[in-house]
Amino acid sequence: MRRARVIPYSERTRVLVVIGTRPEAIKMIPVIRALQDSGTFRPVVISTGQHTDLVDTLIHSVGMRVDANLRASEAVDGVRPTLNKVFARVMVGIDRVWASDTVPDEYLADGRRSVGGAVACLVHGDTSSAAAAALASFNLQIPVVHVEAGLRTSNLLSPFPEEGNRQLISRIAALHLAPTTQNKMNLVREGVDYDRIVVTGNTSIDMLQWASEQEGGFGQGLESLEVDEAHPLVLVTAHRRENWGEGLARIAAAVRRLSESHAHARFVVPMHPNPVARQPLLDALSDCDNVHLVEPREYADFARLMVAARLIITDSGGVQEEAPSLGTPVLVARDTTERGEGVQAGTLVLVGTDTDRIVREATVLIDDDLEHARRAARSNPYGDGRASERIVQALENVLRDGPAPQELSGDGLRMAVRRRLGFEDAAAAAGN
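To convert, note that position 235 of the sequence shown is 814 in my numbering; the numbers rise steadily by one, no gaps.
Quick look at the structure:
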């Protein structure tokens, strides 16, 4: 039998992978790894600089490199850029990188490498980086592939600007990679061609499985943290823009009350670097003996905290997806969530930022073993850890005429995406 030709890495099909924030990096690392291992694709990793230090540290910690850093959030004369300025810088950066054979000097990251000739741009989720990169790629007629497509609150202003960002991306994406069937149906109701959507599961579960295999502790500052049945752990994360100000203050007040009423418990609060997000936590919790205010954790350390936690109070989207697969109940400190599957499954409880309700719901989960066990036993609707594999299979089907993803059969996906891109050979190819 004739052996398939092994494609040298330098000759593989290039795809842009754009990352702006730490949550994006967490969820895209498995995709980058799967692309590298595919034998077909060569990912060109672009960090927009929205969360430069957090993203670069995480990427490097798993042995990967960043090809270009657009530095979109760099301050000028001590003044941080506005959201519109970040958006504009990302678009200009994508323009310049696309037009160059190698990374322009001002965007150099981990070494000068060839970046030209990419056939698609992968963006993730709902950040301003993702929306800007998608729009820039659309203007350059680079097919946009939307990872984690179809999440909706259906309220354009909540969360802001994320809901607007993801709806914008959905209008211009060629291929939609939806974590769940509900996400797929959200897109279909909005008029997206059914055959251009693939249900993959969520890549956060892929990353969580990798992290669970890594040995270690809870990270710096928590070396002596005592966690057992007598000292249950409550993990708290709060940073979303929609909660800035009074919302974060109410969440912090709830944690303070819980720490006082449950002196035997241990509360760990990793703080976001943004002063707007961390100051309310510092103001309310700095003098609480059983509250540990710590810097952001390495991902594997944070995963171990999620495993050890009795419950999690969070406004993080990623945590809403990851914790249920570990059997850890989650109280969602938001008024709305685009992850309705978790609420319907009972793995998530939406508590908003009402201090009394957070305290009431958390107290039940700390004190009532039967209720805790009931919540922890619910199934996780967000995937099986093979989302990245399905994403690469979808790309191979569309871009390299490979077999259809497991969810689909025949040429429906490939033909639908090619029609969306206006390829003249789509009709002819369909007849072959």
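For each residue, glycine too, the CB sits at the ideal point set by N, CA and C.
Taking 4 residues as the shortest admissible run, the region 930-970 contains the following complete alpha helix (DSSP H) segments, listed from N- to C-terminal end: 934-946 and 948-955. For Thr592, the enclosing beta strand (DSSP E) stretches over residues Thr592 to Ile598. As DSSP reads the structure, Pro622 sits in a beta bridge with Val594. Sequence-distant partners of Ala956 (beyond 5 residues in either direction) whose C-beta falls short of 8 Å from its own C-beta, in its chain, are Gly906. Around the CB of Ala912, 16 or more other CB atoms lie within 10 Å, so the residue is classed as buried.
Closest in C-alpha terms to Glu802, from the list Arg819, Val834, His871 and Leu827, comes His871.
When only Cα atoms are considered, Asp807 and Ile625 end up about 42 Å apart. Pairing Ser895 with Val922, the inter-Cα distance amounts to about 14 Å. Under the DSSP assignment, Thr893 falls in the beta strand (DSSP E) whose first and last residues are Leu890 to Thr893. The beta carbons of Arg889 and His843 sit no closer together than 9 Å. Under the 10 Å beta carbon count, Ala711 is surrounded by 16 or more other beta carbons and is classified as buried. Here the region 814-830 makes contact with the region 849-869; the two share three or more CB pairs at distances below 8 Å.
Annotation: the continuous beta strand (DSSP E) that includes Ala757 extends over Leu754 to Ala757.
By the Cβ rule, the region 601-608 counts as touching the region 772-789, because three or more pairs are nearer than 8 Å. For Asp807, the beta-bridge partners assigned by DSSP are His810. DSSP, reduced to helix, strand and coil, places Ile721 outside both helices and strands of the structure shown, so it counts as coil.
In the three-state reduction of the DSSP assignment, Ala887 falls in the helix class.
Per DSSP, the unbroken beta strand (DSSP E) holding Pro849 starts and ends at Arg845 to Pro849.
Between Leu756 and Val726, the C-beta spacing is below 9 Å. Counted as a single uninterrupted DSSP element, the alpha helix (DSSP H) harbouring His639 occupies residues Thr631 to Ser640. Unbroken alpha helix (DSSP H) runs of no fewer than 4 residues, entirely contained in the region 699-749, are found at 707-718, following chain order.
Between Ser589 and the set Val597, Thr915 and Val623, the nearest pair of CA atoms involves Val623. A distance of 9 Å or more separates the beta carbons of Ala941 and Leu864.
As the crow flies, the alpha-carbon of Arg675 is around 25 Å from that of Leu637. In this structure, Gly795 sits near Asp880, with a CB-CB distance shorter than 9 Å.
Across the structure, Ser749 and Ile586 are spaced so that their CA atoms are roughly 33 Å apart. Contact between Ile776 and Lys763 holds: their C-beta atoms lie close to 5 Å from each other, under 8 Å.
When secondary structure is reduced to three states using DSSP, Leu927 falls in the strand class. Judged by DSSP in its simplified three-state form, Ile586 adopts coil rather than helix or strand.
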